[in-house]
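Asks: Chains as they are written, first to last, in full-length UniProt numbering: chain A, 1 to 224; chain B, 1 to 224. I am attaching a structure below and will ask some questions about it afterwards.
Structural data, given as structure tokens:
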């Protein structure tokens, strides 16, 4: 039943897309509710009073917030279809460790290249971002996906990189990612975006470029 | 076997103590290795090359890092004894949500009252910290512990508050916590510290005061 699962999202939220992809990979029917973050709906504020953010998954009337928490909930609730996390406790711990690394280290470091003002500051911010990319590249050795032969938890968490990195590069006019230096990540990005459950649920590139151009302009002109 | 489980920790690390308590609650025999963070051991750097931090749990020679990840690993590996997380996926998601709230919001907000320079700045930093305490207080309604009748995952994650808040208050000479305003948290702090598995594994208060006095002095004298 479509009304059993609802997802509060926006068209471009990186954290919401993780959930969209997971629901499609698992074949879970759901209703998407698109939020305008400048006018958040009373439902969103009621379901996520602490953070007031998307994504929120509502299952049988009960809300779950925070994308990593939602992904684990989905995997534990619909466990018969396509597992996202490994079953072995050690392998599962590793997946959680790398998901946390992506959210706590990699994403903020790439984000800061985008937000820093001016070429020199951006070049400086690139150093830790590249270091984090090197760490993640290592994890793909002898694997198609972080989850092995199929897309799993860490792939979904890192998914923003696969479609957003070259949008960032176009907008800030700076090379973030050298495919020769990161052959495994480069292959992963292609495989990830080509997977049907992902490909059909990526935001339109031209709309992303426009969105991030406006955002970048704002970052470059406002004082810190 | 004692050499099966090793914990790299320091005497006072709040994140290490979560693991110490979990191991004792579960009755897991382990060897504690005390690190000097100004001279990290080659083993610590080898086991946690990404963050180079304690705690690291080594089980059968395999390292697990990040305290929240370690807690889940312990709960999934030694599942026969005293569960830390609820079994129901929704209840489990709620526990994960609140643990994340403690680490992402509550802890940094309390920490910033400690690190801010001068009385006025500290008073200002107190506003979001108190707001976060109010949110957490709400979660204790009709419960002894966040885990219900016994100490669970969220209790361990929030455990630093139970023994450290009044150390902070003494060191910075500012009331952080009004017991009348937070009767449930106040009761929880007492119950938590009195529980045998916790009480026997708390750092000595006088040593904590000395440590945080030195740290506070540093924060108050160095430029931001």
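Ideal Cβ placement from N, Cα and C applies to all residues, glycine included. Note that the coordinates shown come from a computational prediction; the quantities given were computed from them, not determined experimentally.
(1) Tell me which same chain residues have a C-beta within less than 6 Å of the C-beta of residue 132 of chain A, skipping the five on either side of it?
(2) What's the call for residue 218 of chain B, buried or exposed, on a 16-neighbour Cβ count within 10 Å?
(3) From the beta carbon of residue 76 of chain A, is the nearest beta carbon of chain B less than 7 Å away?
(4) Using a cut-off of 9 Å between C-beta atoms, extract the partners of residue 73 of chain A located in chain B.
(5) What is the DSSP secondary structure of residue 30 of chain B, counted as helix, strand or coil?
(6) If you measure from the beta carbon of residue 181 of chain A to each beta carbon in chain B, is any gap under 7 Å?
(7) Rounded to whole angstroms, what is the Cα-Cα separation between residue 117 of chain B and residue 207 of chain A?
(8) Quick check on residue 203 of chain A: does DSSP put it in helix, strand or coil?
(9) Tell me where the beta strand (DSSP E) around residue 57 of chain A begins and ends.
(10) Is residue 151 of chain B closer than 7 Å to residue 195 of chain B when the C-beta atoms are compared?
(11) Between residue 146 of chain A and the ligand FAD, is the CB less than 6 Å from at least one heavy atom?
(12) My guess is that residue 4 of chain B and residue 60 of chain B are in contact by the Cβ rule of under 8 Å, so how many angstroms apart are they, rounded?
(13) Hey, is residue 137 of chain A's beta-carbon within less than 7 Å of any beta-carbon in chain B?
(14) Per DSSP, residue 261 of chain B is paired with what?
(15) Could you give the distance in angstroms between the alpha-carbon of residue 21 of chain A and the alpha-carbon of residue 47 of chain A?
(16) By how many angstroms is the C-alpha of residue 23 of chain A removed from the C-alpha of residue 211 of chain A?
(17) I want to verify the contact list: residues of chain A whose CB lies under 7 Å from the CB of residue 141 of chain B, in sequence order.
(18) Please name the residue in A:80, A:185 and A:202 whose C-alpha comes closest to that of residue 138 of chain A.
(19) Closer than 8 Å is the cut-off here; do at least three beta carbon pairs connect the stretch 152 to 162 of chain B with the stretch 78 to 89 of chain B?
(20) Counting along the chain, where does the beta strand (DSSP E) carrying residue 64 of chain B start and finish?
(21) Please report the straight-line C-alpha distance between residue 37 of chain B and residue 216 of chain B, rounded to a whole angstrom.
(22) Taking the straight line between their C-alpha atoms, what separation do you get for residue 187 of chain A and residue 175 of chain B?
(23) Taking the alpha-carbon positions, what's the residue 41 of chain A to residue 205 of chain A distance?
(24) For residue 172 of chain B, collect the residues of the same chain with a Cβ closer than 8 Å to its Cβ; drop the 5 residues on either side in sequence, then sort them by chain order.
(25) Could you give the C-beta distance for residue 163 of chain A and residue 214 of chain A, rounded to a whole number, given that I count them as a contact under 8 Å?
(26) Can you tell which of A:103, A:145 and A:126 has its C-alpha closest to the C-alpha of residue 168 of chain A?
(27) Give, in chain order, every residue of the stretch 40 to 74 of chain A whose Cβ lies closer than 8 Å to some Cβ of chain B.
(28) Taking buried to mean at least 16 other C-beta atoms within 10 Å of its own C-beta, is residue 7 of chain A buried or exposed?
(29) Output needed for residue 12 of chain B: all residues of its chain with C-beta closer than 7 Å, excluding positions within five of it in sequence on either side, in chain order.
Replies: To lay it out plainly:
(1) 105, 106 and 109
(2) exposed
(3) yes
(4) 89, 90, 92, 93 and 96
(5) coil
(6) no
(7) 44 Å
(8) coil
(9) 56 to 59
(10) yes
(11) Within the structure as shown, the ligand FAD is missing, as the structure has no ligands at all.
(12) 6 Å
(13) no
(14) The requested residue 261 of chain B does not occur in the structure, where chain B is confined to residues 1 to 224.
(15) 21 Å
(16) 25 Å
(17) In chain order: nothing, as chain A lies at least about 15 Å away.
(18) A:185
(19) yes
(20) 62 to 65
(21) 18 Å
(22) 55 Å
(23) 27 Å
(24) 113, 114, 122 and 216
(25) In fact, because the Cβ distance is near 18 Å, the residues do not count as touching under 8 Å.
(26) A:126
(27) 50, 59, 62, 64, 65, 66, 68, 69, 70, 72 and 73
(28) buried
(29) 203, 208 and 211
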